[in-house]
Amino acid sequence: MGEVITLLFRSRRFIIGAALFTLVLAFGVIGPRVTSKDPFLMAGGLFDPPSEGSMLGTDNLGRDVFTQLMYGTGTSLLIGFVAGIVATVIGVAIGTLAGFKGGVIDELLMGVTNILITIPSIVVLILLSVAVKGRSATTMGVIIGVTAWPWTARAVRAQTSSLKTREHVDLARISGYSTVELIVKEIMPYMFSYIFMAFILQFSGGITNEATLSMLGLGPYQTVSLGVMLHWALLWESVRTGAWWAFIPPVLFLAVTSFSLMLINAGMDEVFNPRLRKS
Amino acid sequence: MVISRRLVVLIAIVALFVGLLGTGVVSAQRLARENTFYIAGHQWGPPTSFNPVGRGSVSWPINNKLYIYETLYAFNLVTGELDPILSEKQEWVEDDMVYRVTLFEGTRWQDGEPLTAEDVYYTLDLGRRYPVSYAAWWNYVDDVRVVDDRTIDVVLDPEKPHRTMIVQDLGTIRILPKHIWQAIEDEGQSPQDVANMEPVGSGPYKVLNYNPQQITLVRDDNYWGQKYFGTPAPDYLAHPIFKSNDAGNLALERGQIDFSQQFVPEIWKMWEDKGLPVGTWYDDEPYYMPGSIPSLFINVHRPALDNVLVRRAIAYAIDYAKIAETAMSRYSIPARSSMIIPYSVPEQQYFSEADAQKYGWEYDPAKAVDILENELGATKGNDGIYVLPDGTRLGPWTVTCPYGWTDWMTSLEVVAASARAVGIDIRTEFPDAPVWTDHLQAGDFDLTMNTPAGGQGPALPWTRFRDVLDDRDIPPLGQTAYRNWNRFSHPDVAGLLDKAAFTSDEAALTEIYQALDRIVMENIPVIALEYRPWEFWEFNETYWTGFPTSENPTAPPQHNLAGVRLLYVIKKK
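Chains A and B supply the protein sequences, listed in that same order. Following my numbering, the residues of the first sequence are numbered contiguously, the last one being 279. Following my numbering, the residues of the second sequence are numbered contiguously, the last one being 1573.
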């Protein structure tokens, strides 16, 4: 493990990505715990510009944009994290089972996966979001996660199909390992880096999907996220009225968060991908 | 040779494509900009019906504008008077039981046929025979009689002689040519089922063309009313069809739109910050004339919300100034504890400041807490929310309005935040409009937002009090109600409403409306949240000038009905 980390920190991309992400994480997770400001307090007026008391001005409801940004970043990270976990777990479970078992089970699971891939996930996302009453941040994460797993499943299935023919797996099978044991002990460890990278991508996708849904008005209730901030900015025509502070900060944070996760992923790829590593 | 043939085919395809795309653009470009008056905010999809008595949505300009079809007269929001349109005078005769309307001499249809009292009778009679929008008008009318070619009598129902309702609704009915619509009926079709895409009316404009991008009208220079009203200034009226509010607002800012009925956040920035020739009715706050009271309806049958003291605490908790500043973009004064609009419009004469002070409320969170703790004996839980002595927690309750109604959504965010600040758990929820409507009409909500009796007319605030307080003909919870959605009931309401309906004595009316307002203030089934213009009304003077304003009220700030007068007072720049 220590060796892996040492290797990772040899990648400049990984270092920059991790540093950026740490900053975002600190802002969104620690920020709300140290500030005494309430993100829902309507202390100011309609789109008050940045001032001494309010670093990034106020939004259309007179709420402090900087405070909203801290809480919103935290919520978006939570939604992305939950979406990443859900999508990865489902994708890995289906992918490994299909790849390992093969035959009818493989056909069936991959059939379902392929069908889901052909349906634009945004449509499914919108339908699910509309159907769910009282969406919380966690529910949003789950909704996004359950629509995002198919690509992971396909990739993991391909890896598993290749790994299951290796000798150590045959040996374990002869030794009487059950299917679950074979998958968990003999196949998964060889895919761990890949799974983690898939999670990073799903995490990033979850954050942007949340922003998309929230901008359409299907975001989480009773909370603020980067997407919800953009939603209000859009509805109140902040671009036309020149209230840049209402939309640029959340867009910037979305971009930086996604970019940092992409860099982490690319850095890990450099380390874990044998082809890239050789070169 | 092969290449040149391909080239020819390619050019042909491109030309066809450009031709198809350009159909609308070309027709729009043919209009000289200086002769065309561009309007926005009334049409959001391709035009599908120009039928004033049709079912479903009716396209601009048939939706309450008097450019093609005309009414007998039109209520002027500024003067409170009835502006003449087709009729030169109206009077009460036969012991005030008959409303006699006399048409101008020379009224005629755009196809040259004379417009007579028979056309008026035919149109009104449609309401007796078909479920058209004004069918309910007949609830108060016994009969309609043609006296002569130019005179028609409306005979009141002696049991319900509701004069203001008769006058108000008659002023909204667009008169149809009998010779055209009777022919439709003779063919066995219902007048409600035709799209009427080539409308023949009596007004100063005719449809020139329409497509999914724009509807264009051309002035009818044979208009019968020229000798009475003059000639409207624009040769053409054009309504580009925008996909969203912000596209329309941007076009107004750029001078591509001359006159708009859209909610434009922070409109003052257009002239204060950008120096654009944009204006509204008032050049300072609240910029627009109020026309309705979007209000919070509280379900008086839900546990704890059935307690008037809880409702009173909510009323004191709400930050009305914040709603006016943020949700209404400063286009409203902070709402008062009344169902009467207290400024600018004719109904303000009924508002009682003394009653509002004595029986009403204002934003005072400390008073809300005082009611909760001292009058209700509620105690605050660990989560910051009060619990009544019987164990009922004050929430979570949802407060709803349709998704996309931006200013309402913002108002409710303020309501929810204000309530939570004093310890009442109210949360916003914005369902799709059809879902919200179903729940509203069935009374299936904790709190919801809606406008009681929108519109403009001499019957306000009577219709507003009826919509909020009258429980007659209201089905029980679970069934569809079109007003009094929270099924509020009070024994004095019916008598007061009937008394107000059948009197024209202003002193008596004031007394009755104030008594009804006290019932609202004492029982709080509804809380006024803001004053919203019935129609947003803003203009850009890049191409046309002379728009009326509060300083120079040559026409009322209306797009609908009496707003047609605007076209006669503007001038080419």
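For glycine and all other residues, C-beta sits at the position ideal for the given N, C-alpha and C.
Contact note: residue 1445 of chain B does not reach chain A at a C-beta cutoff of 9 Å; the least C-beta distance is about 14 Å.
The beta carbon of residue 1396 of chain B does not come within 7 Å of any beta carbon belonging to chain A, so the residue lies off that interface.
Between residue 1324 of chain B and residue 1334 of chain B, the C-beta spacing is below 7 Å. Beta-bridge partners of residue 1449 of chain B (DSSP): B:1296. Legend: CB atoms of the region 42-57 of chain A lying less than 8 Å from CB atoms of chain B belong to residues 42, 45, 46, 47. For residue 1210 of chain B, same chain residues with a beta-carbon under 6 Å away, outside a window of 5 residues either side, are 1047 in chain order. Scanning B:1132, B:1109, B:1102 for the CA closest to the CA of residue 1152 of chain B turns up B:1102. Within the region 1313-1387 of chain B, the complete alpha helix (DSSP H) runs of at least 4 residues fall at 1353-1359, 1365-1370. Residue 259 of chain A sits in a helix when the DSSP states are folded into three classes. One finds 236, 237, 241 in chain A with Cβ atoms closer than 7 Å to the Cβ of residue 1265 of chain B, taken in chain order. Runs of alpha helix (DSSP H) with 4 or more residues, each lying fully within the region 1086-1169 of chain B, are found at 1117-1129, listed in chain order.
As computed with DSSP, residue 1214 of chain B is found in a beta bridge with B:1240.
Counted as a single uninterrupted DSSP element, the alpha helix (DSSP H) harbouring residue 194 of chain A occupies residues 188-215. Here residue 1474 of chain B carries a coil assignment [DSSP, helix/strand/coil]. Sorting B:1226, B:1307, B:1259 by C-alpha distance to the C-alpha of residue 1110 of chain B places B:1226 at the top. Residue 1471 of chain B and residue 1519 of chain B have their C-alpha atoms some 14 Å from each other. The secondary-structure analysis by DSSP pairs residue 1397 of chain B across a beta bridge with B:1426. Within the same chain, Cβ atoms closer than 8 Å to the Cβ of residue 1510 of chain B are found at 1349, 1350, the five residues on either side in sequence being excluded. With fewer than 16 other Cβ atoms inside 10 Å of its own Cβ, residue 181 of chain A counts as exposed.
Close to chain A, meaning a Cβ-Cβ distance shorter than 8 Å, are the following residues of the region 1238-1255 of chain B: 1245, 1246, 1249, 1250, 1253.
By alpha-carbon distance to residue 1310 of chain B, the top candidate from B:1281, B:1371, B:1381 is B:1371. In the structure shown, residue 1443 of chain B adopts coil according to DSSP, grouped into three states. From the listed residues B:1549, B:1573, B:1572, the smallest Cα separation to residue 1563 of chain B is found for B:1549.
Counting along the chain, the unbroken beta strand (DSSP E) around residue 1082 of chain B starts and ends at 1082-1084.
By the neighbour-count criterion, in which 16 or more other beta carbons inside 10 Å mark a residue as buried, residue 250 of chain A falls on the buried side. Residue 1172 of chain B and residue 1165 of chain B have their C-alpha atoms spaced approximately 11 Å apart. Under the Cβ criterion (8 Å, minimum of three pairs), the region 1290-1310 of chain B counts as touching the region 1482-1495 of chain B.
The beta carbon of residue 174 of chain A sits closer than 8 Å to no other beta carbon from its chain once the five residues preceding and following it are set aside.
Rounded to the nearest angstrom, the gap between the Cα atoms of residue 191 of chain A and residue 89 of chain A is 13 Å.
Taking a C-beta cut-off of 9 Å against chain A, the contacting residues of the region 1397-1421 of chain B are 1398, 1403, 1404, 1406, 1409, 1410, 1413, 1414, 1416, 1417, 1418, 1420, 1421, listed in chain order. Looking at the DSSP output, residue 1545 of chain B bridges to B:1571. Between residue 93 of chain A and residue 264 of chain A, the CB-CB gap reaches or exceeds 7 Å. Across the structure, residue 84 of chain A and residue 205 of chain A are spaced so that their CA atoms are roughly 8 Å apart. In this structure, the straight-line span from the alpha carbon of residue 1469 of chain B to that of residue 1493 of chain B is close to 7 Å.
Its chain contains 1277, 1278, 1279 as the residues whose beta carbon lies nearer than 8 Å to that of residue 1271 of chain B, once the 5 sequence neighbours on both sides are disregarded; these appear in chain order. For residue 1503 of chain B, there is no enclosing beta strand (DSSP E), as DSSP marks it with neither H nor E.
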